[in-house]
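Trainee:
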Amino acid sequence: MKTALITGATSGIGEACADLFAAQGYHLILVARREHLLKDVAKRLEEKYAIETKTVVADVRIHDDLSYGLETLPAQWKQVDVLINNAGLSQGLDPIDKGNVTDWDTMIDTNVKGLLYVTKIVSNWMISRKSGHIINIGSIAGQEVYPNGNVYCATKHAVDALNKGMRIDLLPHGIKVTAINPGMVETEFSKVRFKGDEGRAKKVYDGLEPLVANDIAEAIWFVVSRPAHVNINDMLIMPTAQATGAIIKRN
Ligand SMILES: NC(=O)c1ccc[n+]([C@@H]2O[C@H](COP(=O)([O-])OP(=O)(O)OC[C@H]3O[C@@H](n4cnc5c(N)ncnc54)[C@H](OP(=O)(O)O)[C@@H]3O)[C@@H](O)[C@H]2O)c1
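Note that this note's numbering numbers the sequence shown so that position 103 is 934, with each residue one more than the last.
1) Quick check: Ile939 and Thr986, are their CB atoms within less than 8 Å of each other?
2) State the Cα-Cα distance for the pair Gln910 and Glu877, rounded to the nearest angstrom.
3) Whole-angstrom Cβ separation of Gly1014 and Met1069, contact assumed at under 8 Å?
4) Give the secondary structure of Pro1003 by DSSP, where H, G and I count as helix, E and B as strand, and everything else as coil.
5) Going by DSSP, which residues form a beta bridge with Met1066?
6) Sorry if obvious, but does the Cβ on Leu920 come closer than 7 Å to a heavy atom of ligand 1?
7) Going straight from the alpha carbon of Lys951 to that of Pro1058, what length do you get?
8) Tell me the DSSP secondary structure of Asn942 in three-state form.
9) First and last residue of the alpha helix (DSSP H) that includes Gly963?
10) If I follow the unbroken beta strand (DSSP E) through Met1045, where does it start and stop?
11) With DSSP as the reference, label Ile844 as helix, strand or coil.
12) Considering only the alpha carbon of each residue, which of Val1035, Val1061, Ala1048 and Met832 lies closest to Leu924?
13) Less than 7 Å separating the Cβ of Gly839 from some heavy atom of ligand 1?
14) Rounded to whole angstroms, what's the CA-CA distance from Arg864 to Met832? Just pull it up for me.
15) Starting from Val862 and walking both ways along the beta strand (DSSP E), at which residues does that stretch end?
16) Can you confirm whether the stretch 960 to 968 touches the stretch 999 to 1007 when touching is taken to mean that 3 or more C-beta pairs between the two stretches lie within less than 8 Å?
17) Report whether the distance from the Cβ of Phe852 to the nearest heavy atom of ligand 1 is below 7 Å.
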């Protein structure tokens, strides 16, 4: 039986991955901050797929809490086959001169430092077993920059660099590293970006068919289910109606 560790499993892409990996028989370690949602996801998947789960309620930005939550897992749960570094967010959409410093800190601390903290712990578990696959959720925002995307784009460019760096550093240990870079996916992402403003969040997807979280989960499953000698370095997945970060066809 295999185990996947998914950060940001209470919503969107992370939750869709949890569902799909559970359907494939994986045991799951699920990480996020909202405890009630995390427990609901775990219970639902245990009942639906007869798998086992562990939940770690932690903020990936807080190294000591995260480290305690992961390092105190029972030894058999540290045999992680797949790590999905998915927890992440955008805050605000302002030009650089009007940016909110707290928003910048939140994005950098979550998308870059949080991903690093999780990776350091789990890669050591993988190294001791000489196998594993790390999936980093980047973005089209990590491939190009769009107006007012400044700091969010910078964090996802950092994920792209870290993805490449991890692949080099973990090569001697037989660990695969892949970046999955989505375009627009309708999740809680825009609601979080606009701090609960549902109307503004909805407008992002007006007149086009965005990706859904399961589209990304399926791509991740494709990547993970390749033969041992095949690694997909990265994958850019867009809605048909989106050509670049900012060029979108709306009805
Ligand atoms: N949606 C898009 O258009 C899109 C496009 C490209 C890339 N992405 C990337 O895809 C990833 C998933 O986003 P999504 O679209 O699925 O958004 P989402 O529905 O808002 O889900 C984000 C998840 O991350 C978790 N999270 C956020 N901050 C966290 C923290 N400090 N500690 C632990 N968990 C945290 C949230 O859980 P809690 O709130 O419970 O902690 C939630 O489960 C992100 O990295 C995002 O940048 C999204």
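Glycine included, C-beta positions come from ideal geometry on N, C-alpha and C.
Mentor: Per the coordinate set shown:
1) Yes, the Cβ-Cβ distance between Ile939 and Thr986 is below 8 Å.
2) Cα-Cα distance, rounded: 19 Å.
3) Contact flag correct, Cβ pair sits at about 4 Å.
4) Reduced to three states, the DSSP call for Pro1003 is helix.
5) Residue pairing by DSSP places Met1066 opposite Ile1011 in a beta bridge.
6) For ligand 1, at least one heavy atom lies less than 7 Å from the Cβ of Leu920.
7) Cα to Cα, Lys951 sits roughly 25 Å from Pro1058.
8) If DSSP states are grouped into helix, strand and coil, Asn942 belongs with the helices.
9) Looking at the DSSP string, Gly963 is not in any alpha helix (DSSP H); the run it does join, the beta strand (DSSP E), is Gly963 to Ile968.
10) The sequence shown places Asn at residue 1045, not Met. No beta strand (DSSP E) contains Asn1045, which is instead part of the alpha helix (DSSP H) from Ala1044 to Val1055.
11) Looking at Ile844 - three-state DSSP - the assignment turns out to be helix.
12) Of the listed residues, the one whose Cα sits closest to Leu924 is Val1035.
13) Because some heavy atom of ligand 1 lies under 7 Å away, the Cβ of Gly839 counts as near it: yes.
14) Each residue's Cα considered, the two are about 27 Å apart.
15) Element bounds for Val862: His858 to Ala863.
16) Touching, yes, given that three or more Cβ pairs across the two stretches are closer than 8 Å.
17) Checking the Cβ of Phe852 against ligand 1 gives no.
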